[in-house]
Amino acid sequence: MVVDLRSDTVTRPTAGMREAMLYAPVGDDVYGEDPTVNELESYAARLFGVEAALFCTSGTMSNQIAIRAQTQPNDEVICDRLSHIYLYEGGGLASNSLVSVRLLEGDRGRLTAGQIAAHINPDDVHFPVTRLISLENTVNKGGGVYYELEEIRKIKEVCVAHGLKLHLDGARLFNAMVAQGSQPQDFGQLFDSISVCLSKGLGCPVGSLLLGSKELIRKARRIRKVMGGGWRQAGMLAAAGLYALQHHVERLQEDHRRAKILGELLRAHPDVKEVYPVQTNIVIAGLHAPLTARIWQAALQEHGILISTFGERAIRMVTHLDIHDAHIERVSEVLPRFSIQKEHK
Ligand SMILES: *Cc1c(COP(=O)(O)O)cnc(C)c1O
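At position 121 of the sequence shown (counting the first as 1) the number is 161 in the working numbering, and the numbers step up by one without a gap.
The structure is reproduced here in structure tokens:
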């Protein structure tokens with residue numbers, strides 16, 4: 041048995057999803073004629089209580105489009121230093137939007153309104169113009185933690201007071217919603233743009249959604265085309281997205297329950313120094329020196345358990361649609377039986 045905990049991107053479409061994809065009506069989406077893409081975009085817009093949505097190939101693309109659409113060259117974007125838009129999008133902010141970035145150090149990737157307010161540049165020719173705030177929810181590098189809605193409301197107030205746009209990298213926003221009992225409209229009301237991934241916990245093979253006003257999405261559609269992201273009979277992929285939004289959201293609780301078990305197993309392990317609080321489907325653990333994440337990864341791989349390294353001494357496990365109780369049982373058999381630390385001593 042292989043237990044693939046590297047990421048929630050490794051899932052394969054479920055039988056129901058494949059069925060939905062197979063029979064989806066399609067057309068040319070660059071002409072606006074794919075009925076299933078149109079249905080997904082309007083369904084998602086209604087779900088979040090916003091005017092419009094755009095179906096994109098990836099979360100990187102929808103984030104990059106959102107930033108490009110809401111900034112001018114030389115503007116500044118404020119985000120946490122752990123942000124995906126900064127760390128994992130290949131420096132796209134620089135080449136796609138020609139913006140500078142102000143990195144702040146939040147609480148496991150979560151910023152406060154006060155922190156943001158303290159880093160808005162004054163109107164002075166020396167400084168770049170602060171234009172956009174980007175939050176990530178849940179925070180991947182923070183161990184899947186989510187924002188309290190109250191803090192986001194305060195951040196929104198700061199944005200309104202200073203005329204700033206507010207973007208949400210909600211690659212795993214549905215994990216946050218399920219864990220805290222919040223609703224899509226809660227976020228739709230607060231953000232100027234939202235990116236959500238369909239290909240993470242929701243289990244689609246491809247796709248992300250960008251949500252916002254009609255005007256934003258009209259602009260975004262143009263930018264997507266420039267990036268080479270105009271696609272044709274994408275309805276087969278949109279059908280997977282619709283299916284996921286209708287069938288794969290509630291079950292995220294299962295992923296969270298299993299992640300908590302993994303967190304406890306790691307916490308009890310002699311090689312493990314600390315485990316981040318587990319709020320959703322991501323478990324990050326720091327190992328005791330001189331152990332390295334690579335050594336642990338290789339040792340677990342020999343037992344058929346695949347994990348990610350997250351820096352030199354941290355590892356990440358992610359639960360998802362294709363991780364069942366039997367996989368967790370397997371990990372609970374293997375983990376207590378090995379300790380590299382002991383062998384080293
Ligand atoms: C995965 C992810 C994205 C987008 O990734 P793609 O692989 O481009 O779809 C964006 N933000 C966060 C926090 C992510 O985890």
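Built from N, CA and C at the ideal position, the CB exists for glycine as well.
- Message: Does methionine 357 come out as helix, strand or coil in the three-state DSSP assignment?
- Response: strand
- Message: Is the separation between the beta-carbon of leucine 94 and that of isoleucine 234 shorter than 7 Å?
- Response: no
- Query: Just to confirm, does histidine 124 get its C-beta within under 6 Å of one of the non-hydrogen atoms of ligand 1?
  - Reply: yes
- Using the Cα positions of glutamine 225 and alanine 219, report the straight-line distance between them to the nearest angstrom. 16 Å
- From the DSSP output, in three-state form, read off glutamate 352 for me. coil
- Have a look at Glu91, Gly67, Ala134 and Thr54 and flag the residue whose alpha-carbon is nearest the alpha-carbon of glutamate 255. Glu91
- Item | Exposed unless 16 or more other CB atoms sit within 10 angstroms - verdict on leucine 172 | buried
- Query: For isoleucine 386 versus isoleucine 380, is the C-beta distance shorter than 7 Å?
  - Reply: Lying outside 41 to 385, the shown extent of the chain, residue 386 is not represented and no answer is given.
- glycine 270 vs valine 139 beta-carbon contact at 7 Å: no
- Item | Reduced DSSP secondary structure (H/G/I, E/B, other) of arginine 52 | coil
- Closest to leucine 175 by CA distance: which of Lys196, Gly228 and Leu208 is it? Leu208
- Item | arginine 46 versus phenylalanine 378: straight-line alpha-carbon distance, rounded | 19 Å
- With cysteine 96 as the anchor, note down where its beta strand (DSSP E) starts and where it stops. 92–96
- Whole-number beta carbon distance between alanine 284 and cysteine 244, since they are thought to touch under 8 Å: 5 Å
- Message: Distance check for asparagine 114 and isoleucine 363, CA to CA, integer angstroms please.
- Response: 44 Å
- Task: Identify every run of the beta strand (DSSP E) within the segment 265–336, keeping only runs that are complete inside it and at least 3 residues long; order them along the chain.
- Result: 312–315 and 322–327
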